[in-house]
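Novice: Residue numbers (the numbering used here), protein chains in the order written: chain A, 5 to 449; chain B, 146 to 488. We put the beta carbon where it would ideally sit given N, CA and C, even for glycine.
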């Protein structure tokens, strides 16, 4: 009989060995030597635990159970939110980091199982969803050697090609492709655009907005119906704090849900319930989960400060990130925080029932249909009057009036005379949004 | 206001408001150069505007100013009595001080408040934990240590202020909470899972004057108090080193260095949070034991007091301490909102 208590300190405990110091939850996965035989995986109670989950002493798992635990969270998120259904083609955004790697792996395993079921099934009623991978090459914004980047891209190609069958298309796209023109033009324009932003945090955030627009473009042009991000609990916790700090309290709830359908191609976050620490542990345990170091450089400005702050809080209490996300989860989401209705009869009725049960009821009275052209965050209704007062015409949309207060401060130029030039540097998608925002889309009020 | 500095050869700048005197400091909010007199004027004028715009007072009202002897409440007392005189608010002002019974800290700061009473001509009332609850903070800390002592002190002080206000028969209590304090509270609520507080805190802010100074940053208070040579007490509470608020405070200090307006942005976010009207909010009732306002059978102060008196220091602290079974039995008396308790 196993003495499972980690606080067992009775001198008469049957184990005669020296009790090993219990590893702290924040250390890397350490193989627990065979000494403490009272330590067994809390799940299967058979194997030796090799790592700790976020729960510290109470969540010592063996390698398989640890992985299954994480996969279980992923699967549950996907099912309950109807994120991926048979007719879908999902594009996995891959950065090379541990969260990306894990979400790619899990999506692949899900697809693989679906494929096996399909092959084994006589009537072939349920098609298998398609998976593609997109890597955004942001090397033009940094000054790394081309060797670094080429090696990284090679590694990524290898990873994706090994995740077959079923095979997956890989898109390696430089960030400057967001502009319709390619090559040198695009690079120059990107540089000019980023240089026009004086605030460090604004620059970082603008790059993030460009990144998501490019993912939308790739998905849209190649027939993908979902974009999968590997955003984990830790990243979301940081976003909660940084959005609060930037005055984006109103739109915060839009960014942290499982599903975000305000975009043309809905964006889903299946790893929302997985802490970064556990994803890191999984990658270090499982040799096949290679990470590609992208050397993006540390975040500076507010994003970097928030990141270190959350880290300090985590050290003080390992469940702090979860608490932050849970608290923010109590804020009211928006009507677009659910997958669009599924009308396809190919989708199993169980999935459609799930969707009906777990997607959120639209809250018509609170929904706002005006969005910031830069960051796409929903604007509070009180912003409407200012856009009405604007004197922008169809040709020259009033960018400033249609943007959210955070973008107005940290991204848009302070000097109004520079606004027109800034507008010319933005990608077409943002300009189009600015035009519509200017006139106000009142049809859905 | 445009930052219109004209540097002389020596590098000295002129005040951007009056363009006459030498600039003595940079306004933290706007980074403009400003001289002393203009700083006082601007500072006092902003507070006056907040009072007017939010219609915080009516003529003839009796107002108690929560006075700890620290710079915030000292500045508040000074400025409020100044504005009362200058703009004829017609208010009856009092100083209300809480004596928690902390030797080496509170007894010293109370001396400061007593001096303020004379300096500003405002009658002073002191309420003490000893009288109200039969416990001083010194005794409480001796019993429970330094981990949760701030919880006790905070709950007790809030009630003490109310009781003092009732004794003085005042209409409103003014406190010197500034923007930094409120921003810290917003962050703390996020960190610790307290969403119900968002609504109630901001309702309180609107109706009981805390926002009055919410437009001002911390720095301005220190600067104002320092330049005006106001008599104030500037040591930290000796029992506070482990307070969780310390984390938030550190972060906000760092934040202010990068982006000063972030503090006000945090407050704005707090006001804008989309909180469902169906989120379970505490219902207002009265405490069975003492009659104070409470959302549970017993108010939090009574729960804590009961714990102290029965030698159960964890009563009313946290959720499942697991250290004493009584904690679980009495959980229904815990005045925290059940639906939003977090570990």
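1. With 8 Å as the threshold, decide whether the Cβ of residue 248(A) is near any Cβ in chain B.
2. Mind checking which residues open and close the beta strand (DSSP E) that includes residue 71(A)?
3. For residue 324(A), return the contacting residues in chain C, with the cut-off set at a CB-CB distance below 8 Å.
4. Is the number of C-beta pairs between the region 281–290 of chain A and the region 45–57 of chain A that are closer than 8 Å three or more?
5. Give me whichever residues DSSP pairs with residue 230(A) in a beta bridge.
6. Against chain A, with Cβ distances strictly below 8 Å, would residue 415(B) count as a contact?
7. Let me know the secondary structure DSSP gives residue 193(A) once reduced to three states.
8. Rounding to the nearest angstrom, what Cα-Cα distance links residue 201(B) and residue 384(A) in this structure?
9. Could you give the first and the last residue of the continuous alpha helix (DSSP H) run that contains residue 245(A)?
10. Would you mind giving the Cβ-Cβ distance between residue 250(B) and residue 383(B), rounded to the nearest angstrom? I have them listed as a contact below 8 Å.
11. So for residue 433(A), helix, strand or coil by DSSP?
12. From residue 139(A) to residue 216(A), what does the alpha carbon distance come to, in whole angstroms?
13. From residue 143(A) to residue 208(A), what distance separates their C-alpha atoms?
14. I need the boundaries of the alpha helix (DSSP H) containing residue 123(A), first residue and last residue.
15. Among the residues of its own chain, which have a CB less than 7 Å from the CB of residue 288(B), if the five just before and after it don't count?
16. Applying the 10 Å Cβ sphere with the 16-neighbour rule, what's the burial state of residue 272(A)?
17. In whole angstroms, what is the alpha-carbon distance linking residue 66(A) and residue 45(A)?
18. So, under 8 Å CB-CB, residue 331(B) and residue 415(B) are touching, yes? Tell me the CB distance rounded to an integer number of Å.
19. Spatial neighbours of residue 499(B) within its chain, please: C-beta separation below 8 Å, excluding the five flanking residues on both sides.
20. With a threshold of 8 Å on Cβ separation, who are the neighbours of residue 400(B) within its own chain once the five nearest residues in sequence on each side are excluded?
21. If you reduce the DSSP assignment to three classes, tell me which class residue 311(A) lands in.
22. Between residue 411(B) and chain A, is the shortest Cβ-Cβ distance under 8 Å, so that the two count as touching?
23. Considering Cα atoms alone, identify which of 308(A), 163(A), 424(A), 95(A) is closest to residue 396(B).
24. Across which residues does DSSP place residue 138(A) in a beta bridge pair?
25. Does DSSP classify residue 252(B) as helix, strand or coil?
26. For chain A, find out if any of its Cβ atoms is closer than 8 Å to the Cβ of residue 400(B); answer yes or no.
27. Less than 7 Å between C-beta atoms, sequence neighbours within five positions excluded: which residues of the same chain meet that for residue 224(B)?
28. My output table needs one value for residue 430(B): the three-state DSSP class, helix, strand or coil.
29. So does the region 106–125 of chain A actually touch the region 148–156 of chain A, counting three or more Cβ pairs closer than 8 Å?
30. Return the chain-ordered list of same chain residues with a C-beta closer than 7 Å to the C-beta of residue 429(A), the five sequence neighbours on each side being excluded.
31. Of the residues 212(A), 261(A), 412(A), 80(A), which one's Cα is nearest the Cα of residue 335(A)?
32. With a Cβ-Cβ cutoff of 8 Å, do residue 276(A) and residue 235(A) count as a contact?
33. Say whether the region 227–241 of chain A touches the region 95–109 of chain A, bearing in mind that this needs 3 or more beta-carbon pairs closer than 8 Å, one atom from each stretch.
34. Just mark residue 316(A) as buried or exposed, buried being the case when its beta carbon has 16 or more other beta carbons within 10 Å.
35. Secondary structure at residue 53(A), three-state DSSP: helix, strand or coil?
36. Just to confirm before moving on: does the CB-CB distance between residue 74(A) and residue 282(A) stay below 8 Å?
Specialist: The structure says:
1. Nearest CB-CB separation between residue 248(A) and chain B: below the 8 Å threshold.
2. That residue, residue 71(A), is in no beta strand (DSSP E); its alpha helix (DSSP H) goes 67–84.
3. This model lacks chain C altogether; the protein chains it does include are A and B.
4. Flag = yes, the region 281–290 of chain A and the region 45–57 of chain A touch.
5. 94(A)
6. yes
7. helix
8. Distance between the alpha carbons of residue 201(B) and residue 384(A): 27 Å.
9. 237–249
10. Taking 8 Å as the upper bound for CB-CB distance, residue 250(B) and residue 383(B) are in contact here, some 5 Å apart.
11. helix
12. Computed Cα separation, rounded: 12 Å.
13. 14 Å
14. 102–124
15. 453, 458
16. buried
17. 5 Å
18. 4 Å
19. In the structure as shown, chain B starts at 146 and stops at 488, and residue 499(B) therefore has no counterpart that could be examined.
20. 407, 408
21. helix
22. yes
23. 308(A)
24. Partner(s): 97(A), 175(A).
25. helix
26. At least one CB atom of chain A sits nearer than 8 Å to the CB of residue 400(B).
27. 189, 192
28. Collapsing the DSSP output to three states places residue 430(B) in a strand.
29. No contact exists between the region 106–125 of chain A and the region 148–156 of chain A.
30. 193, 196, 197, 200
31. 261(A)
32. For residue 276(A) and residue 235(A), yes; Cβs fall inside 8 Å.
33. yes
34. exposed
35. coil
36. yes
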